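*Asks:* Okay, here's the structure, questions in a sec.
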């Protein structure tokens, strides 16, 4: 009879969860690797599946040595448990037998061949065992991806909230700070979130009596361009949004507003930034005093509202808060 050496291993992510098995068969100088898995299984089931699939490849009765790091599988044969289970109708004396269909299949295959089981130490220095482990883990990962993709391809109706488990400060600057947070997702998994913490700000859509809108033009280094924007600025510590709006309007344009009313508050980039921007409508303008921030260089631009609106619609105005503000006051201008 031919002599065959088999190395085998199993792996499972979650246990139960997506799993994989692998085996290496060696006979007459020829070596063959096999692997596979299941979307929902256990580690022990994969430890059984490995030798089953390997033995099923043998076309004739053989002398077989099977090397496994699974005490569960090896001891079942070497300590004689499996023979007691067979005599007892595939039941244990103290209760039902787990994985009975796989154990019976492996038993039948081993009864056909002359099989010797050898226990090896897992994750040690045996190159064949380590190779089987790598193949099994890769197979389990593939089924895990399939399972994840299947879930992601379905509409989600569950919880949405994420909970911050811990946060590390990455950068603390004059305008904002950057945090790296570990969050617990609705499905129990964890993920990393990069978060910009910002005090928030206020922006002002200011119209004079002739329906001209006050804009400022300045160079934005991040955008690499000169942009037309409505006046806006960051809230100082404990500053009320309406106070910030009044201050920024006067500092940037030199005008005060007798009438200042909140239009709405928005989160411009909530995917990674906590900034809440409060956009105000201002009219009944009177002359004040320009007082630009240090290192702030800008031009005050007064445009008829309809011109500014057309510039929004044709893409000439590209700043998000300015687009939102100009569109929001259209009814006020037309009334």
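Numbering (our numbering), first residue to last: 5 to 339.
We put the beta carbon where it would ideally sit given N, CA and C, even for glycine.
The model shown is predicted, which means the values in this text are computed figures rather than measured ones.
#1: What are the start and end residues of the beta strand (DSSP E) that includes residue 110?
#2: Considering only residues of the same chain and omitting the five flanking positions on each side of residue 148, which have a CB-CB separation below 6 Å?
#3: Whose C-beta lies closer than 7 Å to the C-beta of residue 136 among residues of the same chain, with five residues either side of it excluded?
#4: Cutting at 8 Å between CB atoms, please list the residues of its own chain near residue 295, excluding the five before and the five after it.
#5: Whole-angstrom Cβ separation of residue 62 and residue 8, contact assumed at under 8 Å?
#6: Measure how close the beta-carbons of residue 290 and residue 309 come, nearest whole angstrom, since I'm counting them as under 8 Å.
#7: When we look at the beta-carbon of residue 190 and count the other beta-carbons within 10 Å, is it buried (16 or more) or exposed?
#8: Please report the straight-line C-alpha distance between residue 237 and residue 252, rounded to a whole angstrom.
#9: Excluding sequence positions up to five away, which residues of its chain have a Cβ less than 7 Å from the Cβ of residue 380?
#10: Name the two residues that bound the continuous beta strand (DSSP E) containing residue 72.
#11: Helix, strand or coil for residue 178, going by three-state DSSP, please let me know.
#12: How far does the beta strand (DSSP E) with residue 133 in it reach, from first residue to last?
#13: I'd like to know whether the C-beta atoms of residue 72 and residue 123 end up nearer to each other than 8 Å.
#14: Residue 8 lies in the beta strand (DSSP E); which residues open and close that run?
#15: For the pair the region 150-168 and the region 93-104, tell me if three or more CB-CB distances fall below 8 Å.
#16: Which residues in the same chain as residue 215 place their Cβ atom closer than 7 Å to its Cβ, once the five residues preceding and following it in sequence are excluded?
#17: With DSSP as the reference, please indicate the residues paired to residue 268 in a beta bridge.
#18: Would you kindly work out how many angstroms separate the C-alpha atoms of residue 226 and residue 177, rounded to a whole number?
#19: Quick one: is residue 67 buried, meaning 16 or more other Cβ sit within 10 Å of its Cβ, or exposed?
#20: Using the C-alpha atoms, what's the distance from residue 287 back to residue 210?
#21: Less than 8 Å between the CB atoms is what I'm expecting for residue 282 and residue 206, so what's the real figure, rounded?
#22: Got a sec, what are the start and stop residues for the alpha helix (DSSP H) residue 230 sits in?
#23: Taking only beta-carbon atoms, is residue 102 less than 8 Å away from chain D?
#24: Taking residue 284 and residue 266 to be in contact with their CB atoms under 8 Å, please state how far apart those CB atoms are, rounded to whole angstroms.
#25: Whose C-beta lies closer than 8 Å to the C-beta of residue 272 among residues of the same chain, with five residues either side of it excluded?
#26: Using alpha carbons as the reference points, say which of 141, 174 and 192 lies closest to residue 163.
#27: Could you give the residue range of the alpha helix (DSSP H) that holds residue 81?
*Replies:* Straight from the coordinates:
#1: Note, residue 110: premise wrong, no beta strand (DSSP E); alpha helix (DSSP H) at 104-116.
#2: 17 and 22
#3: 11, 12, 13, 26, 27 and 28
#4: 254 and 255
#5: 6 Å
#6: Going by Cβ atoms, the distance from residue 290 to residue 309 rounds to 19 Å, so no, they are not a contact pair.
#7: exposed
#8: 6 Å
#9: Nothing about residue 380 can be read from this structure; the chain reaches only from 5 to 339.
#10: 66-72
#11: coil
#12: First-last for residue 133: 131-156, but that is the alpha helix (DSSP H), not the beta strand (DSSP E).
#13: yes
#14: 6-16
#15: no
#16: 308, 309 and 337
#17: 283
#18: 16 Å
#19: exposed
#20: 6 Å
#21: 5 Å
#22: Looking at the DSSP string, residue 230 is not in any alpha helix (DSSP H); the run it does join, the beta strand (DSSP E), is 229-233.
#23: Given the protein chain composition of this structure (a single chain), no chain D is represented.
#24: 6 Å
#25: 279, 281, 324 and 325
#26: 192
#27: 75-82
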